[in-house]
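Asks: Before I ask anything, let me first share the structure, which is written out below as structure tokens.
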């Protein structure tokens, strides 16, 4: 009995505490503060602090938006993917390996020349032991998933815009953001998809 | 002479470590332990203490009357209890922002001159960096206890939390993109999850730190600046409220753990 009333008291206290400090959204305060405090530097303009529709939905819902919201935005992102006009998705895997290794690009200290930064977050080729683990391993990408046209399309599309597949993915939208060229994305797709690529050995 | 010896032994040890084929975090931690017994950060601590006591600036004043939150001139334990709210500035300030404030109000320096080149290079260590190293050293061995008593301290924590999770920019990154999950790495660099108290200490521990890459002394103002650079954001103002808010979020998350003083960083 005493235990039960103590528990009730604790619950009441917790309820009171949560009433006393209502949860409010501090994002507008955060954005206003950043808009005041930041300045453009090099290629990084103040426009980078603005959310686009995908960033806004992910920020608002802690990276877990309602299904309806996610579906609609994913469709929009998917529709905006520019597929290569020549219909060919595979470039040169050797060049792809160099692009995957290159972690430069898009910071205020970069002049131009953007790499894929792929190894920062993914295991890819078997020879590179210095790889990150923010994203899944891509080693034996096509060997495990198949070499078909649909998987090729998935690989290219995912590099172009990961948010077309998983709205709040942590992966940058390399094509959508204008970071990589079509040829660079083809070369990266070849790194993952070419049967001769070390990735698939 | 002592300095030459310290830097010489550092170079030898670093060269030995650089030859290690695939250095792991554990190996670096061992290396750091050895190095911290004769940490070059101490040179900047001494320099900072000289600067703290010297009469300088257009007003020819010392910083000894600077109120770091525990009363004018009280340095001991102050760093472990910042960021905190300061009524005279009506904002929450981290240690370096507060030192900058004191250099402006007590000594008459302008923000523009202090913010012009606020970060260390191999040939120049800005005065606030040495000063914050001195102040930090006076909290060595103390429990981190950034206050959350004033309403603005609590609001600043929440704003810092929102900044930490705010995704934007060319790569859709927030701080949490790299520091919001357990057991992740960029290349071989482990990424602490700063949303968890037991890992948030790693945002505080070792700062200000002597950074082996480039051989320079850096403070948390620099660390936050470089994170925003890698986040592909524009640049935050030096000693700005945004940086203080982010440091409030990180430090309060680390409250209760022991600060070991200025350290060594990769």
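Chains as they are written, first to last, in my numbering: chain A, 489 to 689; chain B, 102 to 367. Glycine included, every Cβ here is placed at the ideal spot set by N, Cα and C.
1. Going by C-alpha distance, which of 519(A), 673(A), 584(A) and 621(A) is nearest residue 544(A)?
2. Using the beta-carbon of each residue, which ones in chain A are nearer than 9 Å to residue 306(B)?
3. Please report whether the beta-carbon of residue 594(A) lies at a distance below 8 Å from any beta-carbon of chain B.
4. Do you know how far the Cα of residue 631(A) is from the Cα of residue 703(A)?
5. How is residue 144(B) classed by DSSP in three states: helix, strand or coil?
6. Taking CB distances under 8 Å as the criterion, tell me whether residue 577(A) reaches chain B.
7. Of the choices 656(A), 577(A) and 532(A), whose alpha-carbon is the least far from that of residue 598(A)?
8. Between 655(A), 684(A) and 534(A), which has its C-alpha nearest residue 556(A)'s C-alpha?
9. Buried or exposed, going by whether 16 or more other CB atoms sit within 10 Å of the CB of residue 553(A)?
10. Is it buried or exposed, residue 527(A), if we count other Cβ atoms within 10 angstroms and call 16 or more buried?
11. Are the Cβ atoms of residue 488(A) and residue 268(B) separated by less than 8 Å?
12. In whole angstroms, what separates the C-alpha of residue 624(A) from that of residue 133(B)?
13. Starting from the C-beta of residue 249(B), find all residues in its chain whose C-beta is less than 7 Å away, skip the five residues before and the five after it, and write them out in chain order.
14. Ignore the nearest five residues each way along the sequence and tell me which others in residue 590(A)'s own chain have a CB closer than 6 Å to its CB.
15. Helix, strand or coil for residue 310(B), going by three-state DSSP, please let me know.
16. Going along the stretch 628-640 of chain A in order, which residues come within less than 9 Å of chain B, judged by CB to CB distance?
17. Are the stretch 269-279 of chain B and the stretch 230-244 of chain B touching by the rule of at least three beta carbon pairs closer than 8 Å?
18. Got a sec? Which residues, its chain only, sit under 6 Å from residue 639(A) by beta carbon, not counting five neighbours each side?
19. If you run the structure through DSSP and keep just helix, strand and coil, what is residue 292(B)?
20. What are the start and end residues of each continuous beta strand (DSSP E) run of 3 or more residues lying completely inside the stretch 615-686 of chain A, in chain order?
21. Give, in chain order, every residue of the stretch 207-218 of chain B whose Cβ lies closer than 8 Å to some Cβ of chain A.
22. What residues match up with residue 274(B) in a beta bridge as DSSP calls it?
23. Who are the near neighbours of residue 339(B) in its chain, counting only those whose CB is closer than 6 Å to its CB and skipping five residues on each side?
24. Reducing DSSP to helix, strand and coil, say where residue 244(B) ends up.
25. Would you call the stretch 356-365 of chain B and the stretch 298-307 of chain B in contact, with 3 or more CB pairs under 8 Å?
26. Does residue 346(B) come within less than 8 Å of chain A when only Cβ atoms are used?
27. Would you decide whether residue 523(A) is buried or exposed? Buried here means 16 or more other CB atoms lie within 10 Å of its CB.
28. Given that a residue counts as buried once 16 or more other Cβ atoms are within 10 Å of its Cβ, and exposed if not, what is residue 581(A)?
29. Find the nearest neighbour of residue 678(A) within the set 650(A), 586(A) and 653(A), judged by alpha-carbon distance.
30. The beta strand (DSSP E) with residue 193(B) in it runs from where to where?
31. Please compile the residues from chain A whose C-beta is within a distance smaller than 9 Å of the C-beta of residue 262(B).
32. Run down chain A in chain order and give the residues with a C-beta less than 9 Å from the C-beta of residue 331(B).
33. Could you have a look at residue 252(B) and say whether DSSP puts it in helix, strand or coil?
34. Got a sec: is the Cβ-Cβ distance from residue 350(B) to anything in chain D below 8 Å?
35. Taking one C-beta from the stretch 189-198 of chain B and one from the stretch 147-164 of chain B each time, how about it: are there three or more such pairs within less than 8 Å?
36. Quick one: measure Cβ to Cβ for residue 311(B) and residue 161(B), integer angstroms, because I've assumed they're closer than 8 Å.
Replies: Let me spell this out:
1. As a position in the first chain, residue 544(A) is number 56, starting the count at 1. For the residues 519(A), 673(A), 584(A) and 621(A), the minimum Cα distance to residue 544(A) belongs to 519(A).
2. Taking the first residue of the second chain as position 1, residue 306(B) is located at position 205. Going along chain A, no residue has its Cβ under 9 Å from residue 306(B), so there is no contact; the nearest lies around 22 Å.
3. Walking along the first chain from the start, residue 594(A) turns up at place 106. So, interface residue.
4. Past the boundaries of the shown model lies residue 703(A); chain A is included only from 489 to 689, so the question cannot be answered.
5. Along the second chain, one-based indexing puts residue 144(B) at 43. Of the three classes helix, strand and coil, the one that applies to residue 144(B) here is helix, per DSSP.
6. In the first chain, counting from the first residue as 1, residue 577(A) sits at position 89. Chain B, which has no Cβ nearer than 8 Å to the Cβ of residue 577(A), makes this no.
7. Stepping through the first chain from its first residue, residue 598(A) is reached at position 110. For the residues 656(A), 577(A) and 532(A), the minimum Cα distance to residue 598(A) belongs to 532(A).
8. For the purposes of this step, residue 556(A) is identified with residue 68 of the first chain, where counting begins at 1. Nearest neighbour of residue 556(A) by Cα position, chosen from 655(A), 684(A) and 534(A), turns out to be 655(A).
9. As a working note, residue 553(A) is residue 65 in the first chain. It counts as buried.
10. As a working mapping, residue 527(A) is identified with position 39 in the first chain. By the Cβ-count criterion, residue 527(A) is exposed, with fewer than 16 other Cβ atoms from all chains shown falling within 10 Å of its own Cβ.
11. As displayed, chain A neither begins before 489 nor continues past 689, which places residue 488(A) out of reach and without an answer.
12. In the first chain, the residue the question calls residue 624(A) occupies position 136. In the second chain, the residue the question calls residue 133(B) occupies position 32. Each residue's alpha carbon lies about 31 Å from the other.
13. Residue mapping note: residue 249(B) aligns to position 148 of the second chain, counting from 1. Close CB contacts of residue 249(B) within its chain, under the 7 Å cut and outside five residues either way in sequence, are with 255, 258 and 353 (chain order).
14. For the purposes of this step, residue 590(A) is taken as the residue at position 102 of the first chain. Contacts found: 603.
15. The residue you call residue 310(B) lines up with position 209 of the second chain. Strand at residue 310(B).
16. Cβ contacts with chain B: none found.
17. With the cut-off at 8 Å, the stretch 269-279 of chain B and the stretch 230-244 of chain B do not touch.
18. Numbered from its first residue, the first chain carries residue 639(A) at position 151. Once the five neighbours on either side are set aside, the close Cβ partners of residue 639(A) are 633.
19. The count along the second chain starts at 1 and reaches residue 292(B) at position 191. Strand, per DSSP.
20. Considered as a whole, the stretch 615-686 of chain A harbours no complete run of any beta strand (DSSP E) with no fewer than 3 residues.
21. Among the residues of the stretch 207-218 of chain B, none has a Cβ less than 8 Å away from any Cβ of chain A.
22. By one-based count along the second chain, residue 274(B) stands at place 173. Note: residue 274(B) sits in a beta bridge opposite 269(B).
23. Along the second chain, one-based indexing puts residue 339(B) at 238. These residues qualify, in order along the chain: 216 and 219.
24. Position 143 of the second chain, counted from the start, is the residue given in the question as residue 244(B). Assignment of residue 244(B) by DSSP, reduced to helix, strand and coil, places it in the strand class.
25. Segment contact: the stretch 356-365 of chain B against the stretch 298-307 of chain B, three or more CB-CB distances shorter than 8 Å; contact assigned.
26. Here residue 346(B) refers to the residue found at position 245 when the second chain is read from its first residue. For residue 346(B), the answer is yes, since a Cβ of chain A falls inside 8 Å of its Cβ.
27. Taking the first chain and counting its residues from 1, the one referred to as residue 523(A) is at position 35. Exposed: under 16 other Cβ atoms inside 10 Å.
28. Along the first chain, one-based indexing puts residue 581(A) at 93. With 16 or more other CB atoms across the displayed protein chains lying within 10 angstroms of its CB, residue 581(A) is buried.
29. Within the first chain, numbered from 1, the residue matching residue 678(A) stands at position 190. Checked all of 650(A), 586(A) and 653(A); the closest Cα to residue 678(A) is 586(A).
30. Taking the second chain and counting its residues from 1, the one referred to as residue 193(B) is at position 92. That run of the beta strand (DSSP E) goes 192-194.
31. Position 161 of the second chain holds residue 262(B). Those within 9 Å of residue 262(B) in chain A are 514 and 518.
32. Position 230 of the second chain, counted from the start, is the residue given in the question as residue 331(B). Those are 595, listed as they occur along chain A.
33. Here the question's residue 252(B) lines up with position 151 in the second chain. Residue 252(B): helix per DSSP, three-state reduction.
34. The structure shown contains no chain D; its protein chains are A and B.
35. Contact between the stretch 189-198 of chain B and the stretch 147-164 of chain B is absent, because fewer than three Cβ pairs lie under 8 Å.
36. Locating residue 311(B) in the second chain gives position 210, where the first residue counts as 1. Locating residue 161(B) in the second chain gives position 60, where the first residue counts as 1. Cβ-Cβ separation between residue 311(B) and residue 161(B): approximately 31 Å, too far for a contact (criterion under 8 Å).
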